[in-house]
Structures are given as C-alpha cells and as structure tokens.
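All remarks here apply to the structure that follows.
There are 2 protein chains.
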Amino acid sequence: MDTSQPLRDTIIESLRSGQLRAGDRLPTERAFCEQYRISRTTVRKVLQELKERELISQTVGSGTYVTEHAAQKLASMAADASASQISPAVLMEARLALEPAIVEMVIGNATAADFEQMESCCAKAEAAASNEEFEVWDGLLHERIAQAAHNAFVANVFALMNQARAQGEWGMLKKRSLTPERRLAYQQEHRALVQAIKNRDPALARERATEHLLHVRRNLLNY
Amino acid sequence: MDTSQPLRDTIIESLRSGQLRAGDRLPTERAFCEQYRISRTTVRKVLQELKERELISQTVGSGTYVTEHAAQKLASMAADASASQISPAVLMEARLALEPAIVEMVIGNATAADFEQMESCCAKAEAAASNEEFEVWDGLLHERIAQAAHNAFVANVFALMNQARAQGEWGMLKKRSLTPERRLAYQQEHRALVQAIKNRDPALARERATEHLLHVRRNLLNY
DNA sequence: CTAAATTTGTCCGTATGTATT
DNA sequence: AAATACATACGGACAAATTTA
Numbered sequence: 157m158d159t160s161q162p163l164r165d166t167i168i169e170s171l172r173s174g175q176l177r178a179g180d181r182l183p184t185e186r187a188f189c190e191q192y193r194i195s196r197t198t199v200r201k202v203l204q205e206l207k208e209r210e211l212i213s214q215t216v217g218s219g220t221y222v223t224e225h226a227a228q229k230l231a232s233m234a235a236d237a238s239a240s241q242i243s244p245a246v247l248m249e250a251r252l253a254l255e256p257a258i259v260e261m262v263i264g265n266a267t268a269a270d271f272e273q274m275e276s277c278c279a280k281a282e283a284a285a286s287n288e289e290f291e292v293w294d295g296l297l298h299e300r301i302a303q304a305a306h307n308a309f310v311a312n313v314f315a316l317m318n319q320a321r322a323q324g325e326w327g328m329l330k331k332r333s334l335t336p337e338r339r340l341a342y343q344q345e346h347r348a349l350v351q352a353i354k355n356r357d358p359a360l361a362r363e364r365a366t367e368h369l370l371h372v373r374r375n376l377l378n379y
Numbered sequence: 157m158d159t160s161q162p163l164r165d166t167i168i169e170s171l172r173s174g175q176l177r178a179g180d181r182l183p184t185e186r187a188f189c190e191q192y193r194i195s196r197t198t199v200r201k202v203l204q205e206l207k208e209r210e211l212i213s214q215t216v217g218s219g220t221y222v223t224e225h226a227a228q229k230l231a232s233m234a235a236d237a238s239a240s241q242i243s244p245a246v247l248m249e250a251r252l253a254l255e256p257a258i259v260e261m262v263i264g265n266a267t268a269a270d271f272e273q274m275e276s277c278c279a280k281a282e283a284a285a286s287n288e289e290f291e292v293w294d295g296l297l298h299e300r301i302a303q304a305a306h307n308a309f310v311a312n313v314f315a316l317m318n319q320a321r322a323q324g325e326w327g328m329l330k331k332r333s334l335t336p337e338r339r340l341a342y343q344q345e346h347r348a349l350v351q352a353i354k355n356r357d358p359a360l361a362r363e364r365a366t367e368h369l370l371h372v373r374r375n376l377l378n379y
C-alpha cells in the first residue's frame, strides 16, 4: 500500500478548501512523521512532489510554505486534466476562428524559404501513394504555415492543436472521411491558399483558409 | 557534497558517447551501490530523475534499460532549455492576431451570465484602490472573455498566454508602464469592448479589441 | 553579537513486497 | 520453485541554513 496517500490528500484538500493559504507555513517534516505515523523519507517524497508542482516551497532552517500562486496552480491542474480531451467539433470551431488570423500574420512575416517549404509539402502531398502518406504531408503543410508566422507563441498554439488532434477520435474520423474526390479538392485548396499567402493578399488568404477549414469540417462532421 | 553526481554524470556521458544505446541494460541498482560506494537510496534518486526525463525505463524483476528515444531526448534537452521563454513583443504580436478572432467567437457563444461576469470585472477594476488590484481584475476580465467562447481549446490557448505572461519580464514592464491616465483609458476601452460584444456586433468588437491591444502594446513596448 | 535550537538537505543501512527470469 | 531485481518503507545520523534566546 501507499502510505503517502493520506498526507498528500490532506494537504491538497487543505489547499483547495483554503485552510492553507499563500504564505502559510506547514508543519515540520518531523511533525508530519509523528502525526501520520510515517517515515521522514515518505514525508519528503510527498513534499517533493508538491514542490515540483510549485504548490509549496521549502527553505533550509525555516520551513515549508504555501507558494503565492498555489491556488491558481491547483485550479489550472483541473483544467489541464480535462484539457487533453477536446472533441473534433470543438477543435474545428477553434481552428476556424484562429487559423485565418494566423494566416494573416504569416503574410506579414513569411520568407521565401517558408514559401518553398509550403510548396514542397503541397507537391509531396499530391504525389503521395496512400491516404496515410497524404495526411502526413497535409499535417506538415499546416505546420509549415504556422511556423511561417515566426512567432514562438503561435508555434505553441499549433503544438496544442497537434496534441488535441493526436489524442482522440480525430484520426478515425479523418480516415473515414477522406475519399479520392475530397483529397483532390483539398490539394487544390492548399495550392490556392499558399498562392494567396505568397501574393501577400490578406483578405483572399483569410477567405481561402476559412473555406478550406469549413470544407474539412463539413466532411469530418457533416455540418 | 552531492555523492549522486558521479553516477549521474557517468550515465549521461555514456548515453551521449554512445557507449549505452537504446535497449541496453544497465547494471543493477545494487551493483551501482558497490561500484560507486553509495547507498541504494542515492542510486534510486538518480535513476528516478533519468526515468522522469524518459532516458531510461525500469521493469520489476528485469532491470533498467535505455529507452528507444534516449539519444533524441538528450539532444533536445539543450534546445528546450532556451525555448520556452516568450518575449512580451512576441506575445503581444500573437495576442493582436488571436484575441480579436476569439472575441468574434465569443459573440456567437456568450451567455447572459458571461456578460454579467465581464461587467463585474470591469466594475471591480474601476473600484480598485491599487494598481496591483487593478491588474488582477484586468487579467480576470480577459480570462472571462476567453471563457465566454465556451470552447475548451480556446481556454487552453488562454492558459498558455497566462503562462507566458507569468514567467518573464512582463510583470515589471506592465508595472512600470501603468500610469493613472493610462489606467483610465484602459477602463473605458474595456467597457467599450464588453458593450460591443454584448451588442453582438462582430466588426465593432474586433476593432475595439484590436485598438485596446495596440494601445497596451504601445504603452508596454513603445511602438 | 553570540550561541543554541530548529528545520530542511543529504546520505546511509536494512527489511519486506512484488514481478520477472 | 528458486533466484534475481526493482518498489516501497522505515529509522537514524550528520550537514547546512535559519531562527530564536
């Protein structure tokens, strides 16, 4: 059995209920040992975990304290837990809102090298022998476009999208919805989008990105 | 002194030089104890670290093994170390691109309860006695707006923004740039933005969000 | 200002449980 | 079935930093 669980649970619960607030000092490690009848090794294991989660901090000679942003961290924990499960419908709604904005940003920041990579992705997607291979280059094209924004934050947002896409029903949905006709249409839409970006035409690029995503959503979710 | 350092260094160096390759089995914990004249607790502490970094894996009854992607993980360590820092300029550029899009999405999804919370944030920000307090409600208002999109992915994006904002020069920059006149202007811009969202006027809401962010950026970065 | 007490940081040796070989 | 090897836990000791008397 895990003898560390009671201590861990009690501390977390105290933080959640507000019995322990930012700046408060926790009992000493040895006090926890006696109170919970566990070894100091076990106590320190628990405190180590909480310290890594930035819920507490420890100072030699002084004691163990609740960090200033403990409540916030704890709140964002719950959010993160439910975060990785994002439905295709929710993700597509967000992509429809955000990607056209990213495309407009790309127009301001993209270089010739970026365009080359985009067109290379288009070409390789068109030459793909299988649907699996096509999807690889499809995904890579969208990634190249996002990277062409040359903005670290946008790159993080795109990584989030990939994460949501990788873990879930998305793969199955996409596989089932990709017919030869649709693939051909996607290829044309990709080319048209890249061309609009290359021409530095914000309005047209936005429109083509939106239309492509609407098309993908319609095929994926039937609306 | 840290008696765990020699063992840690030796293993890392062996991984880096290729003496230890993917799938290779490491000596047993007790063998390390004897070889380095350290306790098993210390050995386990080192192996625990490497396990968390996904460089090795351990199996009960079998042994300790080098993971398949150990070399790759080790290589990307150095890169990641300098990666996660996003400058205020980069963050503001991304916010300018993404937040107006989010605002437009909010118009389609926000409820009466959302509007109440937004206006409550505005009121509390206006009533704030100190700049610190004002910033709390300022941040909370932007959070409420993002939450009103009622989209889990957008919520994640906003959490990313908070993370980038919390860790860095942002706090100092903001504190230094917030004068009484500017604070008053922000309050009016907030009210105007919320009103536009409430009126479900996409174009106006976008414009006001953009103007507010441009204003913040100008004050923050002087351009 | 000094010295003692307190508290975390690190390390050690041992014992028992559990899964694999 | 026995040996091997990791998983978990305990209690003790000393060092280092801080607080207190």
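Those protein sequence lines, which keep their order, are chains A and B. Note that our numbering has the first sequence beginning at 157, numbered continuously upward. Note that our numbering has the second sequence beginning at 157, numbered continuously upward. Heads up, the beta-carbon is just placed ideally off N, CA and C, and yes, glycines get one too. Given the structure is predicted, the values throughout are model-derived calculations rather than measurements.
_Give the list of continuous beta strand (DSSP E) stretches no shorter than 3 residues that lie fully inside the region 312-377 of chain A._
none
*Rounded to a whole number of angstroms, what is the C-alpha to C-alpha distance between Leu-277/B and Trp-293/B?*
As a position in the second sequence, residue 277/B is number 121, starting the count at 1. As a position in the second sequence, residue 293/B is number 137, starting the count at 1. Residue identity check: residue 277/B is Cys in the sequence provided, not Leu. If you take the alpha carbons of Cys-277/B and Trp-293/B, they lie about 6 Å apart.
*asked:* Could you tell me which whole alpha helix (DSSP H) segments of length 4 or greater appear in the region 181-237 of chain B?
replied: 185-192, 196-208, 226-237
*Can you tell me which of Leu-252/B, Ile-263/B, Arg-339/B puts its alpha carbon nearest to the alpha carbon of Glu-260/A?*
Reading the first sequence from its first residue, position 104 is the one you call residue 260/A. By alpha-carbon distance to Glu-260/A, the top candidate from Leu-252/B, Ile-263/B, Arg-339/B is Leu-252/B.
_Arg-332/B burial status per 10 Å Cβ neighbour count (16 or more: buried)_ = For the purposes of this step, residue 332/B is taken as the residue at position 176 of the second sequence. That one is exposed.
*Collapsed DSSP secondary structure at Asn-287/B in the structure displayed*: Working through the second sequence from its first residue, we reach residue 287/B at position 131. Correct three-state label for Asn-287/B: helix.
*Buried versus exposed call for Asp-158/B [16 or more other C-beta atoms within 10 Å across all chains shown]*: Translated into the one-based positions of the second sequence, residue 158/B becomes position 2. Per the 10 Å Cβ criterion, exposed.
_Relative to the C-alpha of Cys-189/B, which candidate in Arg-164/B, Leu-211/B, Gly-179/B has its C-alpha closest?_
Indexing the second sequence from 1 puts residue 189/B at position 33. Checking every option, the nearest Cα to that of Cys-189/B belongs to Arg-164/B.
*Report the residues of the region 272-288 of chain B with a CB closer than 7 Å to any CB of chain A, ordered along the chain.*
none
*Integer-rounded CB distance, given that Asn-378/A should sit under 8 Å from Leu-334/A*: If you number the first sequence from 1, residue 334/A lands on position 178. If you number the first sequence from 1, residue 378/A lands on position 222. Contact doesn't hold; Cβ gap of about 14 Å is too wide.
*Locate the alpha helix (DSSP H) running through Leu-171/B, then write down its first and last residues.*
The sequence position of residue 171/B within the second sequence is 15, counting from 1. Counting along the chain, the alpha helix (DSSP H) containing Leu-171/B begins and ends at 161-173.
_Helix, strand or coil at Gly-179/A according to DSSP, with G and I counted as helix_ = Residue mapping note: residue 179/A aligns to position 23 of the first sequence, counting from 1. Note: Gly-179/A maps to coil in three-state DSSP.
*Under 9 Å between beta-carbons, which chain B residues line up against Ser-232/A? List them in chain order, please.*
Indexing the first sequence from 1 puts residue 232/A at position 76. In chain order: Ala-315, Asn-318, Gln-319.
*asked:* Determine, for Ala-359/A, whether the minimum Cβ-Cβ distance to residues of chain B falls below 8 Å.
replied: Working through the first sequence from its first residue, we reach residue 359/A at position 203. Not an interface residue.
*7 Å CB neighbourhood of Ala-266/A in its chain, flanking five on each side removed*: By 1-based counting over the first sequence, the position of residue 266/A is 110. Excluding sequence positions up to five before and after Ala-266/A, its CB lies within less than 7 Å of the CB of Ala-304, Ile-353, all in the same chain and listed in chain order.
*Leu-171/A versus Tyr-221/A - alpha carbon distance*: Position 15 of the first sequence, counting from 1, holds the residue named residue 171/A. Position 65 of the first sequence, counting from 1, holds the residue named residue 221/A. Cα-Cα distance, rounded: 12 Å.
_Rounded C-alpha distance that separates His-368/B from Ala-341/B_ = Counting from one through the second sequence, the residue named residue 368/B turns up at place 212. Counting from one through the second sequence, the residue named residue 341/B turns up at place 185. Distance between the alpha carbons of His-368/B and Ala-341/B is about 9 Å.
_Leu-254/A: contacting residues in chain B (beta-carbon distance under 7 Å)_ = Start at 1 with the first residue of the first sequence, and residue 254/A comes out as number 98. Chain B residues near Leu-254/A: Leu-254, Ala-257.
*Run of the alpha helix (DSSP H) containing Ile-258/A, from where it starts to where it stops*: Your numbering for residue 258/A matches position 102 in the first sequence. Segment 244-265, the alpha helix (DSSP H) holding Ile-258/A.
*Between the Cα of Trp-382/B and the Cα atoms of Thr-166/B, Arg-373/B, Asn-355/B, Ala-257/B, which residue gives the shortest distance?*
Outside the shown range of chain B (157 to 379) lies residue 382/B, about which nothing can therefore be said.
*Would you identify the three-state DSSP class for Met-157/A, choosing helix, strand or coil?*
By 1-based counting over the first sequence, the position of residue 157/A is 1. Looking at Met-157/A - three-state DSSP - the assignment turns out to be coil, as it is neither helix nor strand.
_Cutting at 7 Å between CB atoms, please list the residues of its own chain near Pro-162/B, excluding the five before and the five after it._
Here residue 162/B refers to the residue found at position 6 when the second sequence is read from its first residue. Tyr-192, listed in sequence order.
*Gly-217/B versus Phe-290/B, Ser-195/B, Arg-181/B, residue with shortest Cα-Cα distance*: Residue mapping note: residue 217/B aligns to position 61 of the second sequence, counting from 1. Ranking the options by Cα distance to Gly-217/B, first place goes to Arg-181/B.
*Leaving out the 5 sequence neighbours to the left and right, which residues in its chain are closer than 6 Å to Leu-176/B when beta-carbon positions are compared?*
Position 20 of the second sequence, counting from 1, holds the residue named residue 176/B. Ser-170, Val-222.
*Cα-Cα separation, Ala-237/B to Leu-206/B*: Translated into the one-based positions of the second sequence, residue 237/B becomes position 81. Translated into the one-based positions of the second sequence, residue 206/B becomes position 50. In this predicted model, Ala-237/B has a pLDDT of only 46, less than 50, meaning its place in the structure is not dependable; the value taken from the coordinates is given anyway. Going from the Cα of Ala-237/B to the Cα of Leu-206/B covers about 16 Å.
*Listed in chain order, which residues of the region 260-271 of chain A have Cβ atoms closer than 8 Å to some Cβ of chain B?*
Glu-260, Met-261
*Taking all protein chains shown into account, decide if Leu-370/B is buried (16 or more other Cβ within 10 angstroms of its Cβ) or exposed.*
Residue mapping note: residue 370/B aligns to position 214 of the second sequence, counting from 1. Result: exposed.
*Name the chain B residues that come within less than 7 Å of Glu-249/A, Cβ to Cβ?*
Numbered from 1 along the first sequence, position 93 holds the residue referred to as residue 249/A. Chain B residues near Glu-249/A: Asn-307.
_Assuming contact is defined by CB atoms lying nearer than 8 Å, are Ala-315/B and Ser-232/A in contact in what I supplied?_
Along the second sequence, read from residue 1 onward, the residue named residue 315/B stands at position 159. Along the first sequence, read from residue 1 onward, the residue named residue 232/A stands at position 76. In contact: Ala-315/B and Ser-232/A (Cβ atoms closer than 8 Å).
*If you count every other CB in all the chains shown that lies within 10 Å of the CB of Gln-344/B, and 16 or more means buried, which is it?*
Position 188 of the second sequence holds residue 344/B. With fewer than 16 Cβ atoms within 10 Å of its Cβ, Gln-344/B is classed as exposed.
*Contact with chain B by Asn-355/A, beta-carbon distance below 8 Å*: If you number the first sequence from 1, residue 355/A lands on position 199. By this cut-off, Asn-355/A is not an interface position.
*Are there 16 or more other CB atoms within 10 angstroms of the CB of Met-317/A, so buried, or fewer, so exposed?*
By 1-based counting over the first sequence, the position of residue 317/A is 161. Burial call: buried.
*By Cβ distance below 7 Å, which residues in the same chain neighbour Lys-201/B in space, the five residues on each side in sequence not counted?*
Along the second sequence, read from residue 1 onward, the residue named residue 201/B stands at position 45. Excluding residues within five positions, the ones whose Cβ falls inside 7 Å are Ser-160.
*asked:* Using only CA atoms, which one of Val-199/B, Ala-178/B, Pro-244/B lies nearest to Ile-212/B?
replied: Translated into positions along the second sequence, residue 212/B becomes position 56. Ranking the options by Cα distance to Ile-212/B, first place goes to Ala-178/B.
*asked:* Quick test of your reading: Asn-307/A and Glu-249/B, contact by CB under 8 Å. State the CB separation rounded to the nearest angstrom.
replied: As a first step, residue 307/A is located in the first sequence; it is residue number 151 there, counting from the start. As a first step, residue 249/B is located in the second sequence; it is residue number 93 there, counting from the start. Yes, they are in contact, since the Cβ atoms of Asn-307/A and Glu-249/B sit about 6 Å apart, within 8 Å.
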